[in-house]
Amino acid sequence: MQLTAEQIECIDQTLNEKGIKFDDIKLEVLDHIASEIENEMEVTNNEFPVVYNQVLNKWGEEFKLTRDFFSLQSTYPKLVHSKLKNQMKKEVIISIITSIILIIIFQLVDNTKEKLEYILLIKDFLFYAFCTTGALALLIKFWNLKSKATSTYKHLFDSRFTILIIFLSIIVNPSIPHDLRNQNLFVATIGCFFVFLFSILYLGVKHLQFQRKLPIQ
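Each residue of the sequence shown is one higher than the one before, counting from 17 in this note's numbering.
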């Protein structure tokens, strides 16, 4: 049984009230809930209000507010928090792998002079990566100003964009550690920076791709 536009709007309004503000998650959840209601109405022959309440009760746990790990003030519904947390997990794993690879390559370099040259090389590469990322992120930022669409990608992109400006002072710092222990830590940190820069562009592009799928942008 196909739901009417008014019934779809009712579900959409409920999701807004439950704190599902991001369009990418809202569309996905709305589609799942609408499908469940349609199937249940067809099987049981019950009216929309009855089935609507039954299905929403099943989703109740996913709508419970959960405090953001990095903020004492921000709270999200559980399903939103899960998606944000999964994105963070992916980035942490990639950061660890990237840092390990860079450190292994660093350990293969024998003498002290070549180690310093290796650090300078990846530091210079990081600087150019930072400039490129900053320029592209700025273009994406201006593009997003024209759009009313929201998504978890845009939310994370905006928060990373602010941090990007703060990292400028670290990127342009000319100092390089000379003891081996701090050099390893320095190389690992640069690996994390590379992943951070990549994540900004990834999130920005993912939001643009999502935005293009929407009928109203």
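Even glycine gets a Cβ: it sits at the ideal position worked out from N, Cα and C.
Three-state secondary structure assigned by DSSP to residue i
i, result
"L19", "coil"
"T60", "helix"
Proximity below 7 Å, CB of residue i to CB of residue j
i, j, result
"I117", "F146", "no"
"H97", "T82", "yes"
"A204", "I119", "yes"
"F209", "L142", "yes"
"F64", "K34", "no"
"S215", "E107", "yes"
"S175", "D40", "no"
"I179", "I135", "no"
Local Cβ density within 10 Å of residue i, reported as buried at 16 or more and exposed below that
i, result
"H194", "exposed"
"T148", "exposed"
"L158", "First, the amino acid is wrong: residue 158 is Phe here, not Leu. F158 is exposed by the Cβ-count criterion."
"A21", "exposed"
"H223", "buried"
"T60", "exposed"
Bounding residues of the beta strand (DSSP E) (the contiguous stretch that carries residue i)
i, result
"T114", "T114 -> not in any beta strand (DSSP E); alpha helix (DSSP H) instead, spanning K94 to L124."
"L5", "Within the shown structure, residues of the chain are numbered from 17 to 233, placing residue 5 beyond reach of any answer."
6 Å Cβ shell around residue i - same chain, five flanking residues per side excluded
i, result
"L172", "L219"
"L91", "Per the sequence presented here, residue 91 reads as Thr, with Leu not at that position. Here the set comprises L81 and R83."
Where the alpha helix (DSSP H) containing residue i begins and where it ends
i, result
"A151", "T128 to L161"
"A204", "L196 to K229"
"T178", "T168 to I182"
Neighbourhood of residue i by C-beta distance below 8 Å, restricted to the same chain and skipping five residues each side
i, result
"E77", "K94"
Chain C within 7 Å of residue i, Cβ atoms only
i, result
"K129", "No chain C is part of this structure, which consists of one protein chain only."
Beta-carbon proximity list for residue i, same chain, < 7 Å, skipping 5 on both sides
i, result
"A50", "L19, I24 and I27"
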